[in-house]
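First comes the structure, then the notes that go with it.
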Amino acid sequence: MPRATVAEKRLRKALDQDDDALRELLREEYASLDAEARADLMHRLAKSAAGRTSGSPTLSARLHGVREVLRERLPISVIDERQPIGLAVEQILGIDERSFWINGWARDLEGGGRIAVVSPEGCRVDLGDLAFRFERPDVVRFYAGLGPTDDRDHGFTAFFELPAPSRLATGWVVELHTADGAAVEVLGPPVETDPQIARASILGELDARGPLTGPLAVEHGRFALSRLQERIVSEAEIDTVDVYGEPPEAPEVSIVVPLYRRLDFLEHQLLHFSVDPEVAEAELIFVLDSVEQSAELRDRARELFALYGLPFRVVNPTAGSGYAGANRHGVEVATGSKLLLLNSDVIPDRPGWLGEMCRFYDAGDGIGALGAKLLYEDDSLQHAGLYFHQLPGTGSWENAHRFKGLHRSFPAAEVAQPVPAVTAACVLVDRERYEEVGGLPLHYVQGDYEDSELCLRLAAAGYENWYLPSAELYHLEGQSYVAEARRGLSDYNMWLHSQLWGETIAAVMERFDPHTAAGA
Amino acid sequence: MSDLRVLFVAHNHPTLHPGGAEAYALELYEGMRETPGVDPLLLARIGSNVARRRVAHPGTPFSAVNGDPGQYFVFTETEHFDFFTLTSRDKALYSRHLTDFLLAHRPDVVHLQHTHFIGVDLLSQIRRVLPEAAIVYTLHEFLPICHRDGQMVRTFDDDLCPEASPRRCNECFPELSPQAFFLRERFVKGHFANVDRFLAPSAQLMEKYVRWGIDEERIEVEEYGRLTPAARAGAPRQSREPTNIGFFGQLSRFKGAEVMLDAMAMLEEDSNAHLWLNGANLDLQSEEFQAMFAERHAELRDRITFRGPYDHDELPRLMEDLHWVIVPSIWWENSPLVIQEAFFHGRPIICSDVGGMAEKVRDGVDGLHFRAGDAWSLARTIEKATGSPQLWKKLREGIEEPYAMDQHIERLRELYTETIDSRKAVGVDA
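These protein sequence lines are chains A and B, in that order. Note that our numbering numbers the first sequence so that position 441 is 441, with each residue one more than the last. Note that our numbering numbers the second sequence so that position 398 is 1398, with each residue one more than the last.
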């Protein structure tokens, strides 16, 4: 048995025993190994010990203890404009337990120094070829007195994964090894694990490093953001479900409405829903995505139920998770065989729209998503079905609205027909088909493309998406999810959407003419 | 057959807040009380903005008025009222208190004079609680249509606004989105859908509501009926100077106070016109407006006399010396009660040539029109009026007797019965 394996085995055993035994073993047996061997041992130990089980903070703390005994300490990097070598770590973000994001800069004489990170538990990852490097004018200026270097890309940013989970906020070490053998280290700042903060930081970083669809996004950002999105959604669970009145038994349709900040929409929707018998037969589910408003919403909901008498439920998740996440919670408690996903800023033009949609859906042959005619407050078209438009020069496809801005009676928008996609501001879909394709995707950042991906998934599964003009509702676009921190985001979402679905979209658009009605 | 129970709902009680609609609501209630076969109730809103102290009892917004078993106050907190969406944020007002009140009295007809400070939700709640009741709603101004105090006058240039839309309303209130105005309109209309019959005291008001979306079948013109005052003012002395012109009402911008003062300043030196201002609520106007008023009044002291607020009972005496009454409003007006009052006392009217004023005063028959908002046009019209006793005499003879309360009540009773019958005929859709 190779020596390293024996050592790992003995240490694993000692990890399960008391601290004194572990420390003694480390000092007596392994402290004398050379630096490389110790680093290797630490890495193997951290990987096997933490990787096999789900790990625990206690285990992490003990592994950290091992690392502190075995670790070869390098000189601490001193940030001084007369010292040729400098290393700084500005931010470490915890994406999930095994993946991280790091921002910093490293400067050495020749350039080409390699950066390695060591987790508190002792796992080592070499960022040498991995990191995205870029020029940091502030660093260049700081070292101006030493004369120019060939390599000005001092900045580094990287998404990286550990072979095993890391659970300690402090204790990260980052090393810089220069080409001529010099080495320094710094202690990393505490890991930021709040997914919302991490997401905002990464978006800011992507935005600062050129287009949101550039190499940093392609090689790093995309992975980090997708995982953060999934974490944000999966960490939010249903906390409570408030029930107002008696929900209809065995409803055909479940209407799911996420509420975000604008709680006043609830009153408007209840007023207009309460005069529509078909809506009264459906199951009405509101999901509060701005969870800090739960007490306020409870007060309002109670009073409004007493006034309108229309039964509904309010799902309160433990944390906000965005449009797709909120819909996921709504669908979780829905019992209808059809789902009607609706934005809170959609107000029916007149009663009867839901019945129209259901009858059309049932009469159709394999409809996937069925969309409605949505109007602006001035009676121009907001939505009459979506198509995809390829942006010249980028290859990216953006979602486009057919006949947007034209009058509600525009003849081509009066034709019920298959369309590439429909908006989820108001969409009817069979629950089984919805689940068959996995529902709304969770990986977009503050959405735009969830609905089209849902439609593309349905299309890929063999269903057809339809537009129904006889269901007319008003959509006060942009009033429900307020456009905040969205600069550049839609570029990123569009790019991700195109990456994932570009080929399908191209095939769909081969056969679709967005400017005329079907059969015209 | 039992008496017809009619519940009138008003947004204020005239004993607390003087105003045309309030005065009419109380007169109508009193008139109905004297009418055999009718059992009227008056529910008038009271609140912190009009009452000197909170009058509500603990646990109820209702309280009796002056010992009359037919009159009630309903107390609503002014700060609970959403002046944009015209709804109370306190929904228990409808679902609990007003429901209890409706069930306790079970009126056959609910005739709303106003829903301000109470909220349009009341209309839906009446329908839910009393599916058979006829709901009648008299429109007094344009509050349901226009966020600018229901005046339909643009905020940026005080131009008359012929038609509201989310886009136009947003032009007047840039801080409120078109979408917000859309929701407001839909909300109000959603509750208005429960009204069986709308009454418009003037045709021009009806036209604007029809254009806004109230079905022509559901609205009709019905002028305010007035109780006959105890005394009629005698004819003014003709031979002596000056020629007296009287203004009655709130001294505010919308009522044309500036136009009137500017016109007085533009009169020829030798004009014998004298303006008597009988005006309330000057203290409620903006400081800027009050300063303007004080300055103009000082400049024109020999042509203008400010007599301050007046009681309705004083009208005959105040009219006594007047030759003309002036109604110079820069908004559309509805059917200004002062026109009926002036006509009752035989005074021809000088008024703006728009809206309810142009409709109720016939130019060259019982009054004279001038171009609304135009002080020069008003000055020339005053000179024409004061320059010819023959003209005054002719116009005075052209005046017709105002619509009397008993005729009005007769028409309302017919309308109540028709409405109740048609609700029964179609089957109550509760």
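Every residue, glycine too, gets a C-beta built ideally from N, C-alpha and C.
D242(A) touches chain B at which residues, Cβ-Cβ below 9 Å? The premise fails here: D242(A) is roughly 16 Å from chain B at the closest Cβ pair, so nothing lies under 9 Å.
Which residues in the same chain have their Cβ closer than 7 Å to the Cβ of I79(A), if we skip the five residues on either side of it in sequence? G86 and A88
Could you spell out where the beta strand (DSSP E) holding E267(A) opens and where it closes? Where E267(A) is concerned, there is no enclosing beta strand (DSSP E), although the alpha helix (DSSP H) it sits in stretches over D264 to F273.
Could you spell out the range, first to last residue, of the beta strand (DSSP E) harbouring I605(A)? Lying before the first or after the last residue shown, residue 605(A) is absent from chain A, which here runs from 1 to 520.
Specify, as a first and last residue, the run of the alpha helix (DSSP H) that W1212(B) falls within. A1203 to W1212
Which residues DSSP lists as bridging R313(A), in chain order: V243(A) and I285(A)
Could you check if A1064(B) is buried or exposed, using at least 16 other CB atoms within 10 Å of its CB as the buried criterion? exposed
Ordered list of alpha helix (DSSP H) runs contained in the region 134-191 of chain A, each at least 4 residues: 137-142
Go through its chain and collect everything with a Cβ distance to S1095(B)'s Cβ below 8 Å, but skip five positions before and after it. Q1125
CA-CA distance, Q1407(B) and A517(A)? 60 Å
Using CA coordinates, which residue listed in H1274(B), A1021(B) and E1258(B) is at the minimum distance from L1282(B)? E1258(B)
Starting from H272(A), find everything on chain B with Cβ-Cβ shorter than 8 Å and list it in chain order. R1186 and G1190
Segment contact flag, the region 239-247 of chain A with the region 296-316 of chain A, C-beta cutoff 8 Å, min 3 pairs: yes
Say whether the region 395-408 of chain A touches the region 492-504 of chain A, bearing in mind that this needs 3 or more beta-carbon pairs closer than 8 Å, one atom from each stretch. yes
What residues from the region 242-269 of chain A come within 9 Å of chain B, judged by C-beta to C-beta, listed N to C? D264, F265, E267 and H268
T1386(B): first and last residue of the uninterrupted alpha helix (DSSP H) it sits in: A1375 to G1387
Residue range of the beta strand (DSSP E) that includes I1349(B): I1349 to S1352
How is the beta strand (DSSP E) around F1198(B) delimited, first residue to last? R1197 to A1200
How big is the Cα-Cα spacing for A319(A) and S470(A)? 37 Å
Report yes or no: do the region 164-180 of chain A and the region 200-210 of chain A share at least 3 C-beta pairs separated by less than 8 Å? no
Can you pull the chain A residues whose beta carbon is under 9 Å from the beta carbon of D1158(B), in chain order? The premise fails here: D1158(B) is roughly 25 Å from chain A at the closest Cβ pair, so nothing lies under 9 Å.
Taking Cβ positions only, does P1131(B) come closer than 8 Å to chain A? no
Cutting at 8 Å between CB atoms, please list the residues of its own chain near L266(A), excluding the five before and the five after it. L259, F286, L297, R300, A301, L304 and S344
Look at the alpha carbon of T1060(B) and the alpha carbon of H1097(B), and state the distance between them as a whole number of angstroms. 7 Å
Exposure of V346(A), with buried meaning 16 or more beta-carbon neighbours within 10 Å: buried
Within the same chain, show all residues whose beta-carbon is closer than 6 Å to that of E472(A), passing over the 5 residues directly before and after it, in chain order. D349 and K373
Inter-residue Cα distance where the pair is L284(A) and E1171(B): 36 Å
Please specify which runs of the alpha helix (DSSP H), each continuous and at least 4 residues long, are wholly inside the region 296-352 of chain A, giving them in chain order. 322-333
Might you give, ordered along the chain, the residues of its own chain that have their beta carbon closer than 8 Å to the beta carbon of E1216(B), omitting 5 neighbours on each side? V1210
Partner residues on chain B for Y474(A), Cβ-Cβ distance less than 8 Å: F1182 and R1186
Verify whether the separation of the beta carbon atoms of A599(A) and V331(A) is less than 8 Å. Examination of residue 599(A) is not possible in this model, given that chain A is present from 1 through 520 alone.
Going along chain A in order, which residues have a C-beta closer than 8 Å to the C-beta of S1095(B)? E303, A306 and L307
Can you name the start and end residues of the beta strand (DSSP E) that D430(A) belongs to? C426 to D430
When you compare the CB positions of N1334(B) and H1140(B), do they come within less than 8 Å of one another, or not? yes
At which residues does the beta strand (DSSP E) containing V125(A) begin and terminate? R124 to D126
Please go through the same chain and pick out, in chain order, the residues whose beta-carbon is closer than 6 Å to the beta-carbon of I1382(B), but skip the five residues on each side of it. A1273
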